[in-house]
Each structure stands twice: as structure tokens, then as C-alpha cells.
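Asker: Sharing a structure here in C-alpha cells format.
Number of protein chains: 2
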Amino acid sequence: MRERQSEILMLAGEMIQTKGYDSFSYNDLSLRLGIRKASIHHHFPKKQELGLAYLKYWYEATQDLAKQLRQSRMNPVEKLQAYLDLGVKSIEEKRICPVSSFQADRWNINEEMNEVLTKIETTELSTLTSILEDGQSSEELFFVGEAKDQANLILSSMKGAILYAQGQGLDFYQRTMNQIVANLQGSPRS
Amino acid sequence: MRERQSEILMLAGEMIQTKGYDSFSYNDLSLRLGIRKASIHHHFPKKQELGLAYLKYWYEATQDLAKQLRQSRMNPVEKLQAYLDLGVKSIEEKRICPVSSFQADRWNINEEMNEVLTKIETTELSTLTSILEDGQSSEELFFVGEAKDQANLILSSMKGAILYAQGQGLDFYQRTMNQIVANLQGSPRS
DNA sequence: GTCTATAAATGGATAGAC
DNA sequence: GTCTATCCATTTATAGAC
Numbered sequence: 001m002r003e004r005q006s007e008i009l010m011l012a013g014e015m016i017q018t019k020g021y022d023s024f025s026y027n028d029l030s031l032r033l034g035i036r037k038a039s040i041h042h043h044f045p046k047k048q049e050l051g052l053a054y055l056k057y058w059y060e061a062t063q064d065l066a067k068q069l070r071q072s073r074m075n076p077v078e079k080l081q082a083y084l085d086l087g088v089k090s091i092e093e094k095r096i097c098p099v100s101s102f103q104a105d106r107w108n109i110n111e112e113m114n115e116v117l118t119k120i121e122t123t124e125l126s127t128l129t130s131i132l133e134d135g136q137s138s139e140e141l142f143f144v145g146e147a148k149d150q151a152n153l154i155l156s157s158m159k160g161a162i163l164y165a166q167g168q169g170l171d172f173y174q175r176t177m178n179q180i181v182a183n184l185q186g187s188p189r190s
Numbered sequence: 191m192r193e194r195q196s197e198i199l200m201l202a203g204e205m206i207q208t209k210g211y212d213s214f215s216y217n218d219l220s221l222r223l224g225i226r227k228a229s230i231h232h233h234f235p236k237k238q239e240l241g242l243a244y245l246k247y248w249y250e251a252t253q254d255l256a257k258q259l260r261q262s263r264m265n266p267v268e269k270l271q272a273y274l275d276l277g278v279k280s281i282e283e284k285r286i287c288p289v290s291s292f293q294a295d296r297w298n299i300n301e302e303m304n305e306v307l308t309k310i311e312t313t314e315l316s317t318l319t320s321i322l323e324d325g326q327s328s329e330e331l332f333f334v335g336e337a338k339d340q341a342n343l344i345l346s347s348m349k350g351a352i353l354y355a356q357g358q359g360l361d362f363y364q365r366t367m368n369q370i371v372a373n374l375q376g377s378p379r380s
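Read top to bottom, the protein sequences are chains A and B. The first sequence maps to residues 1 to 190 in our numbering. The second sequence maps to residues 191 to 380 in our numbering.
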């Protein structure tokens, strides 16, 4: 992808994670990039195209992460920890997860964007489910019920905790994620 | 509070939970209420005042809920279930939690609004912490670590799951909340 | 690819009549 | 308390020169 195009896309991502998709403007991008609004329209004629392009980019990234974790030699506990650690950088940069951002803006995005969003969600959930299933098989992770439901719970809490951590501080996130891991360790309950 | 004022406030709440604070307009309110924009400005001259008023209203509601739960004769498991059930209605009405909505809009609200938001978060967390502490004392709820951290986890997952459920369906929420309760039941781990 | 210029619509807000 | 009228800034978007 062209240099400028990718530059715009990454900046749009930053703004989606801070101001939100509906709340950032081409003028915001213009000021940060030092080029005129019309120049940005040259690369992404409509804002919906820019939003869709970012969602597709994030979908790719989500799939790449899944693949990377599948091929990694880390054990399930390490994989889980690596996944949860992704939230730390996000909080330090005062950004929320782009998925959460678009979820909160669900009524303001079109059908096509919504479809990609849903595909991202599905990929996230299946990635985490795989890790939990592996951990359960190897008796490194313990939980009641189905791996899928436990994955839903962990992913929801991770994203939710990132939102709370913007106000409550990074420590809130760290403690909450430690609590998740603690819940999954030790021998299973009677 | 005056009838019309309260009517506007409740509609603003609906829009905060669907479109988001930054994305709804006085025109949106005007169309739904059948009165002109200027009339809405009469009740809430500035949008920031309307947003702040809603946050203060929600803060009151959060405190009322805490008080109601404290005084209730329900056992801790029932209280927890009642708390988690609040998400069901929200999802059925295609709304997210107003707290999540403002959290996603944190960069778009002023200092005064942010302060009330933080107070709401603190109240939510302490309400849930109390329930867990009671359940731990009475040996009806089991978890490792501190009640506060477990409360952070549950609240984060509840709010996160509401966001996912907008796309994944109500069943996603139900299963995820059941998983939370399952994690807290049975005897403690060795 | 970037610019100037501009259009058309929308959003927040106010003045003043009824 | 609601209305009409209006203001000014912003936002998305396009046309056409360089």
C-alpha cells in the first residue's frame, strides 16, 4: 500500500481509538499530517471508505495474531498472558481497543463495516477459545463449562477493563488481568 | 424536575446509549420530541449541560441501586444475578451501558463530566465488591484473590459482554454471565 | 498528489416574538 | 415554554489548477 495511504490509515486508527469513528474529522487528520483535507479525500474519497479500510486492516491484524499464536512455541498460559498484555500498550497510549470503539458506534456505521466488525469479533473469540482448549487438554488451565464461554468471558473482561483503566489507571487493568489468570490456575474445583 | 426536562433527559440517555454522546444532536432530539431545537436549548442551553445532567442522573441511579441491594433480603448469589440481569434489558433495547458510552467518549467530554463518570465507576465497583465480600463470608461465593479484584473483573466482563452482544446476540451475554456465576460456585480450589 | 476554492448540509447556539 | 429566524463554525465532499 502506498506510503501516504498507510500513514493516513494509521492516524485514523489512532483517532478511532481516542475520539471515536464518528467524532474525528478530515480536518483533524489534515492538521496532524500537514496536508489539506482535499488531499486526504484523494486517498480516501469518503469517510466510510476510510473507516471500512481501517476495519479491514484490523481484521488482517487479528488474523495475523491468531496465526502467530498458533505457530508459537509458547505454552497456553504464556499465550494467554501475551494476549492479555496487548491491553497494556493500549492503555499507556490512552487508546481503547478499536473493536470497542466501533462497537460503541455500531449505530453510526453502515452494514458493510458492521459485517467486518462482526468477523473481527468472531476471530478474536475463536483465537482465545483455542488457547483455552489447549490449556485444558494439557492441564495447565482449569475452568468449569465450555472453553468457548470462558473465552467470551475473558475477551469481554479484557475489553471492558481497558475502558475502565482509562479512568482508573493502568493498575486497574493489571490487577484485573491477574485475576483472570488466577481464576484459571490451581487444580480444578471439586 | 419539570416534566419536559425529564423527558429530554431520558431521550438523551437513549441516544447516548445508541449513537453516543458526541454523535447525537439537538436536531435528533427535536425530531423525536416534536418540538424545535430552540425549545430544547431553553431547558438545556448547552449540550455539555445536558450531558452533565445525564451523568448526574445516572450517578444517582447507581447510588440508588447500591442502596437497594444493601437493604435487600436477597442472598449474595441472588444479588449478583440481579446485577448481571440488568444487562439483558439493555441488550434487548439495543443499548449499551451509558458508562461504556461515555468511557468510549472520554476524550470528547470535559473535566466536570469526567469527574462524575469516575464517581459512577467507583460506586459500581464498590457495590459489586460488597456483594462478593458477603458471599465469601457466608461461603456462598468462592474465588481466589481479593473481592475488589474479582469485582473489577466481573464488572468489566459485564460491560464488555454488552458491547459484544449487540453483534453476537443476547445469547452471548447470557452464556457469558452464566460462566461468571459458574466460576464463583462449587467449593474453593485446592 | 497536493493545492485553492467552494458547495451543501449539519450542528450548537442565541435573539426576540408569541 | 415554544416558536421563527438567524448566526457562525464545522464537516463531508467535489471541481479543477498546478
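Ideal Cβ placement from N, Cα and C applies to all residues, glycine included. No experiment lies behind these values; they were computed from the predicted model shown.
Quick one: give me the first and last residue of the alpha helix (DSSP H) that Gly203(B) is part of.
Answerer: First-last of the alpha helix (DSSP H) with Gly203(B): 193-208.
Asker: By how many angstroms is the C-alpha of Ser327(B) removed from the C-alpha of Lys119(A)?
Answerer: Distance between the alpha carbons of Lys119(A) and Ser327(B) is about 43 Å.
Asker: Please decide whether Ile286(B) counts as near chain A, where near means a Cβ-Cβ distance under 8 Å.
Answerer: By this cut-off, Ile286(B) is an interface position.
Asker: Report the rounded CA-to-CA distance for Leu269(B) versus Gln375(B), giving the unit in angstroms.
Answerer: According to the sequence provided, residue 269(B) is Lys. The question's Leu does not apply to it. Going from the Cα of Lys269(B) to the Cα of Gln375(B) covers about 14 Å.
Asker: Hey, quick one: how far does the alpha helix (DSSP H) through Asn114(A) stretch, first residue to last?
Answerer: First-last of the alpha helix (DSSP H) with Asn114(A): 111-137.
Asker: So Ser347(B) contacts chain A; which residues on that side make the cut at Cβ distance below 7 Å?
Answerer: Residues of chain A passing the Cβ test: Leu153, Ser156, Ser157, Gly160.
Asker: Rounded C-beta distance between Ala341(B) and Leu318(B)? I'm assuming under 8 Å.
Answerer: Going by Cβ atoms, the distance from Ala341(B) to Leu318(B) rounds to 4 Å, so yes, they are a contact pair.
Asker: Does the separation of the CB atoms of Ile180(A) and Leu69(A) fall below 8 Å?
Answerer: Their beta carbons are not under 8 Å apart, which means Ile180(A) does not touch Leu69(A) by this criterion.
Asker: Beta-carbon of Glu311(B) versus every beta-carbon of chain A: anything under 8 Å?
Answerer: For Glu311(B), the answer is yes, since a Cβ of chain A falls inside 8 Å of its Cβ.
Asker: For His233(B), does the count of other Cβ atoms within 10 angstroms reach 16, so buried, or fall short, so exposed?
Answerer: So His233(B) ends up on the buried side.
Asker: Along the stretch 21-45 of chain A, where does the CB come closer than 7 Å to a CB of chain B? Name the residues.
Answerer: Residues passing the 7 Å Cβ filter: Asp22, Ser23.
Asker: Distance check for Thr313(B) and Gly325(B), CA to CA, integer angstroms please.
Answerer: Straight-line Cα distance between these residues: approximately 19 Å.
Asker: Given Lys19(A), which residues of its chain have a CB within under 8 Å of its CB, disregarding the five upstream and five downstream residues?
Answerer: Correct list, in chain order: Asp28.
Asker: Which stretch, first to last residue, makes up the alpha helix (DSSP H) that contains Arg222(B)?
Answerer: 216-223 is the extent of the alpha helix (DSSP H) around Arg222(B).
Asker: Looking at the unbroken alpha helix (DSSP H) that takes in Gly160(A), where does it start and where does it end?
Answerer: 147-168 is the span of the alpha helix (DSSP H), which, as asked, contains Gly160(A).
Asker: Does the distance between the C-beta of Val267(B) and the nearest non-hydrogen atom of the ligand MG fall short of 7 Å?
Answerer: The ligand MG is not among the ligands present in this structure, which contains no ligands whatsoever.
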